[in-house]
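Here full-length UniProt numbering is used: position 46 in the sequence shown is 46, and no number is missing along the way. The C-beta atom is built at its ideal place from N, Cα and C for all residues, glycine as well. As the structure is a prediction and not an experimental result, all values here were calculated from the model. Shown next, in structure tokens, is the structure this report addresses.
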Amino acid sequence: MRTSNMSVMQRQSQSTQHASEQTGRACRAVSTARSRRLRHTVQATDPQQQQQQQQTEDATGQPSPARLNLANPAETIVWGGRLPSTRRLTLSGLAALGITLGGNLGGVTSWLLGLDGGQLAATLHADVLIPVLGYKRCLDAGNGYEFQYPAQWLADQTLLYRAAQRAEAARSLDPQPLRQKRKDIVEPSAAFGPAGSTGEENISVVVAPIFQGFKLESLGAADAAGRYFLDNIVAPAGSDKTATLIAAQERRDASGVLYYQLEFTVESAKFSRHNVAVLASRDDLLYTLNAQCPASRWQQDGQQLLHAAASFRLSGSPSPQYPGSL
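Below is the structure:
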């Protein structure tokens, strides 16, 4: 009887030990499974890493190494991720180049456009927005003219405000007041000058109607036209001003338009100026560009005023927008 009981107890002990071993193995299996699921969950939170790992496995047939191995360049590239595609690099480079050129970062665009002396910029009118060789371009498509001015100079805000007022009045559907008198004041259609200046140094253009059929040639040669211009417009008899003609020359552009360029000084009790003026006519309109500065500053600023005068030309077909034309 005792032998039978001992056999039963041994079998129960063996069963208990076997069950404990199975339980331990099951716990270890569950722990391992949890670790694997946790690792897969962490990897799944990074789609880019998962995609790179999948691409690496597809290409090599082996999973990517878990740690960096500098001894093997191929494994190093695989571990660090695939290099950007050629298409992506090209698009990124083009985008960066576009931003650099469009924004003229570091003056790169100005430098490139100045390599041919500014000819391409003048043809494309790119210098309206981007300085080229130290100058920008004023392009008045309405009145049909253009010229260059120093890039640091600013447009006259008063003229811009008055032009906006005239344009608004032209678009208005309200009738004009009966008692309002028409003001035919000859004022520039464009003007530029240094920031913070008093107005003594500036470049301006006046577009004014003239009698029908007028030709600039009717004034004679450039020097004769210059004397007439000074004696009748700049310093007429009875004024307190004295004008002296220094130089007069003529030129024609590719369209055959005639220009008279005059250099002169104007003296009065209040000021002493050095001027360069350019005269041209078209479609019964007289165009006058005037570039001036105090006589004391001609040595410093004269060259850029002469450059502005030489760059003045008529362009396109004008739709007159001078004061009084609206």
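- Could you tell me whether the Cβ atoms of VAL234 and TYR259 are closer together than 7 angstroms? To locate residue 234, count along the sequence shown from 1; it is residue 234. To locate residue 259, count along the sequence shown from 1; it is residue 259. No; because the gap between Cβ atoms is not below 7 angstroms, this pair is not in contact.
- Task: Can you say whether GLY316 is buried or exposed, counting buried as having 16 or more other CB atoms within 10 angstroms of its CB?
- Result: In the sequence shown, residue 316 corresponds to position 316, counting from 1. Exposed, by the Cβ-count rule.
- What did DSSP end up calling residue 331 once you bin it into helix, strand or coil? What the structure shows of the chain is the stretch from 1 to 326, and residue 331 is not part of that stretch, so it cannot be assessed.
- Task: Would you mind giving the Cβ-Cβ distance between GLN152 and PRO194, rounded to the nearest angstrom? I have them listed as a contact below 8 angstroms.
- Result: Here residue 152 refers to the residue found at position 152 when the sequence shown is read from its first residue. Here residue 194 refers to the residue found at position 194 when the sequence shown is read from its first residue. Indeed, because the Cβ distance is near 7 angstroms, the residues count as touching under 8 angstroms.
- If LEU133 sits next to GLY118, beta carbons under 8 angstroms apart, how far is it from one beta carbon to the other, in whole angstroms? Walking along the sequence shown from the start, residue 133 turns up at place 133. Walking along the sequence shown from the start, residue 118 turns up at place 118. Indeed, because the Cβ distance is near 5 angstroms, the residues count as touching under 8 angstroms.
- Message: Can you tell me where the alpha helix (DSSP H) holding GLN119 begins and where it ends?
- Response: To locate residue 119, count along the sequence shown from 1; it is residue 119. Residues 119–124.
- Message: Buried or exposed for GLU201, going by 16 or more other Cβ atoms inside 10 Å?
- Response: What you label residue 201 is simply residue 201 of the sequence shown in a count that begins at 1. Answer is buried; the Cβ neighbour count reaches 16.
- Message: Can you give me the C-alpha to C-alpha distance between ALA122 and ARG227, rounded to a whole angstrom?
- Response: Translated into positions along the sequence shown, residue 122 becomes position 122. Translated into positions along the sequence shown, residue 227 becomes position 227. Straight-line Cα distance between these residues: approximately 33 angstroms.
- Indicate the three-state DSSP secondary structure (helix, strand or coil) for GLY220 in the structure shown. Taking the first residue of the sequence shown as 1, we reach residue 220 at position 220. For GLY220, the three-state secondary structure derived from DSSP is coil.
- What is the rounded straight-line gap between the Cα of SER311 and the Cα of SER110? Against the sequence shown, residue 311 aligns to sequence position 311. Against the sequence shown, residue 110 aligns to sequence position 110. Cα-Cα distance, rounded: 18 angstroms.
- Query: Are the Cβ atoms of LEU314 and ALA280 separated by less than 7 angstroms?
  - Reply: The residue given as residue 314 occupies position 314 in the sequence shown. The residue given as residue 280 occupies position 280 in the sequence shown. Closer than 7 angstroms, so yes.
- Query: For SER110, which three-state DSSP category applies?
  - Reply: The residue labelled residue 110 in the question sits at position 110 within the sequence shown. Helix, per DSSP.
- Message: Pull the bridge partners of THR265 from the DSSP assignment, please.
- Response: As a working mapping, residue 265 is identified with position 265 in the sequence shown. In the DSSP output, where bridge partners are listed per residue, THR265 has THR244 and HIS274.
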